[in-house]
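For what it's worth, full-length UniProt numbering labels the leading residue of the sequence shown as 1, then goes sequentially. Backbone N, C-alpha and C define an ideal beta-carbon position, used for all residues, glycine too. This report refers to the structure that appears directly beneath it.
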Amino acid sequence: MTITSPSADDLRRMMTDQLTAAGALRSEHWIDAFAGVPRHVFVPEFTVRAQGRIHRYGQEDPTWLAAAYRDTSLLTQFDATGVATSSSTRPSPMATMLEALDVVHGNHVLEIGVGTGYNAALLAHRLGGDHEADRRDGMAGCAEHAPYDRLPATCGVGRIPDAWREQVRPGGVIVANVGYGSACLMVDSLGECRPPRRRPVRPVDRQGRVTPPLAR
């Protein structure tokens, strides 16, 4: 008897089914995006910390592909002291954040903190159209292409920067990891943020600085 390992397509479908069963994915558009966008191509090498252990994966590792589709954060960059500064966030809180964003086709979106690019690829699949990536201080947003309909931030911040609020049109939505919680905020007609709902799930683990690339 020959036992074959699951393919990337199989693993992606299984991950999507798990996220759907858990309630992290609810809408057909996002289910299609997670089923259609390969996570593994964005993480050729990564590190996983679990139960006090560290495991490093690369494409030469036979378990690399399966590990890329687990519901866990994949650490992809470290500073000189060994602190993780970039990662591919756990798919379940990522899905929750994207669902909360409530995007529709044609929305003008600015993502802060592109990281590996997987979240940006999911957004691109959902939105269609043209996309750009830029490297600058994410705290300042990207005023020259404002206003935006949606602004998701996958890096952690202590508060919502004024620049983000000012660059989102009235009725637009900001979803960000603020402190120890995930905030979903709507910009009102006066340009102020109000919290229509609060979600307890963090869209990014404690990796992530506020000097990442932008995607729009």
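Our two residues, residue 79 and residue 48, have alpha carbons roughly 16 Å apart in a direct line.
For residue 71, no beta strand (DSSP E) segment is defined, and its DSSP state is neither H nor E. In the DSSP annotation of this structure, residue 192 is not part of any beta strand (DSSP E), being labelled neither H nor E. Under DSSP, residue 156 takes part in a beta bridge, and its partners are 177.
Residue burial is scored here from C-beta neighbours: residue 96 has at least 16 other C-beta atoms within 10 angstroms and is therefore classed as buried. Under the criterion of beta carbons closer than 8 Å, residue 143 and residue 167 qualify as touching, at roughly 6 Å. Judged by their CB atoms, residue 121 and residue 138 are not nearer to each other than the 9 Å cut-off. In this structure, the alpha-carbon of residue 117 lies about 20 Å from that of residue 19. Out of 50, 40, 52, the CA that lies nearest to the CA of residue 61 is found in 40. In this chain, the beta strand (DSSP E) harbouring residue 88 covers 84 to 88. Take residue 123, set aside five residues on each side of it, and the residues of its chain with a beta-carbon closer than 7 Å to its own are 109, 111, in chain order. Around the CB of residue 192, fewer than 16 other CB atoms lie within 10 Å, so the residue is classed as exposed. Between residue 21 and residue 46, the CB-CB gap reaches or exceeds 9 Å.
Shortest Cα-Cα distance from residue 66 to any of 104, 13, 181, 162 involves 13. Here the C-alpha atom of residue 74 lies approximately 7 Å from the C-alpha atom of residue 90. Around the beta-carbon of residue 149, 16 or more other beta-carbon atoms lie within 10 Å, marking it buried.
Distance from residue 187 to residue 172 at the Cβ level is roughly 5 Å; contact confirmed, criterion being Cβ atoms closer than 8 Å. Taking the Cα positions, residue 71 is about 13 Å away from residue 87. In summary, residue 54 is exposed, with fewer than 16 beta-carbon neighbours lying within 10 Å of its beta-carbon over all protein chains present. Here DSSP, grouped into helix, strand and coil, assigns residue 132 to coil.
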